[in-house]
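Participant: Quick one: the structure is below, questions incoming.
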Amino acid sequence: MSPLMKDAPVSPPREFATMRNRLRRFFEEPFGLEFPVGPAFERRFNAMAWSPAVEASETPTEYVITAELPGISMENIEINMADGVLALKGKKEEERRSEDKERTYHLWEREYGMFERTFRFPLEVAEEKVSAEFANGVLTVRVPKLQQQKAPPRTVPIAKK
């Protein structure tokens, strides 16, 4: 097991998103209208159903977290670092327009909603030097390790009692 621990649960399998889409279609298609589920339920359901793919790697000097965030604008991403925990938060806004009466959706596999991923680091990190860049829908966060001076090897004297 990797020393880098994820605090957030692993994202549910794709079948969960497929089930959500089938339920949505079940209520929309037979009656020709959208089933009103309320915004609180929708937010909670979306938060459970979507989480971006992430890679976590380590070099001798830093940890690197890379997240795939296609379709998300940089303004909808938030990165926090405190007490050795990195938190990635964001929101992928749905492009579907309820006022678009001309469009009929036959397949809906894209995922939307809010997400949050957290990572706890096994060693102390230089929190003030954490950096991030966002290009082509990929977020890369670099978390430098604290550079601690290793004590030179020495012989430990044994005291007589």
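If you read the sequence shown in the numbering used here, its first letter stands for residue 161, the second for the next number, and so on.
Note that CB positions come from ideal geometry on N, CA and C, so glycine has one too.
1) Could you check the C-alpha separation between P190 and R263 for me, to the nearest Å?
2) Return helix, strand or coil for K252, following the three-state DSSP convention.
3) Looking at the secondary structure, which residues open and close the beta strand (DSSP E) in which Y272 lies?
4) Out of M179, L267, I318, I225, which one is the CA nearest neighbour of W137?
5) Could you compute how far the alpha carbon of V303 sits from the alpha carbon of P230?
6) Under the three-state reduction of DSSP, which class applies to E120: helix, strand or coil?
7) Leaving out the 5 sequence neighbours to the left and right, which residues in its chain are closer than 8 Å to N236 when beta-carbon positions are compared?
8) Kindly give me the distance between the Cβ atoms of V301 and L246, rounded to whole angstroms, as I take these residues to be in contact under 8 Å.
9) Suppose contacts are defined by Cβ-Cβ distances below 8 Å. Is E271 in contact with G244 by that definition?
10) Looking at the unbroken beta strand (DSSP E) that takes in L299, where does it start and where does it end?
11) Under the DSSP definition of a beta bridge, which residues are partnered with A227?
12) State the DSSP-derived secondary structure class of E262, mapped to helix, strand or coil.
13) Among residues of its own chain, excluding the 5 on either side of L193, which ones have a beta-carbon nearer than 6 Å to its beta-carbon?
Facilitator: Put simply:
1) Taking the sequence shown and counting its residues from 1, the one referred to as residue 190 is at position 30. Taking the sequence shown and counting its residues from 1, the one referred to as residue 263 is at position 103. Reliability of the predicted coordinates at P190 is poor, the pLDDT of 48 falling under 50, and the value obtained from them is presented with this limitation in mind. Distance between the alpha carbons of P190 and R263 is about 16 Å.
2) Counted from its first residue, the sequence shown places residue 252 at position 92. In the structure shown, K252 sits in a strand (DSSP, three-state: E or B).
3) Here residue 272 refers to the residue found at position 112 when the sequence shown is read from its first residue. No beta strand (DSSP E) holds Y272; DSSP gives it neither H nor E.
4) Nothing can be reported for residue 137, as the shown portion of the chain is limited to 161 through 321.
5) Here residue 303 refers to the residue found at position 143 when the sequence shown is read from its first residue. Here residue 230 refers to the residue found at position 70 when the sequence shown is read from its first residue. Each residue's Cα considered, the two are about 22 Å apart.
6) The structure shown has nothing for residue 120, since the chain only spans 161 to 321.
7) As a first step, residue 236 must be located in the sequence shown, where it is residue number 76. Closer than 8 Å at the Cβ level, and outside the excluded window around N236, lie G250, K251, K252, E253.
8) As a first step, residue 301 must be located in the sequence shown, where it is residue number 141. As a first step, residue 246 must be located in the sequence shown, where it is residue number 86. Yes, they are in contact, since the Cβ atoms of V301 and L246 sit about 7 Å apart, within 8 Å.
9) Here residue 271 refers to the residue found at position 111 when the sequence shown is read from its first residue. Here residue 244 refers to the residue found at position 84 when the sequence shown is read from its first residue. No; because the gap between Cβ atoms is not below 8 Å, this pair is not in contact.
10) Residue numbering aside, residue 299 sits at position 139 when the sequence shown is read from its first letter. 298-304 is the extent of the beta strand (DSSP E) around L299.
11) In the sequence shown, residue 227 corresponds to position 67, counting from 1. The partner list for A227 (beta bridge, DSSP) reads V214, L299.
12) Counting from 1 along the sequence shown, the entry for residue 262 is found at position 102. Three-state result, E262: coil.
13) Position 33 of the sequence shown, counted from the first residue, corresponds to residue 193. Low per-residue confidence applies at L193: pLDDT is 46, beneath 50, and the placement is therefore not dependable enough to give any value.
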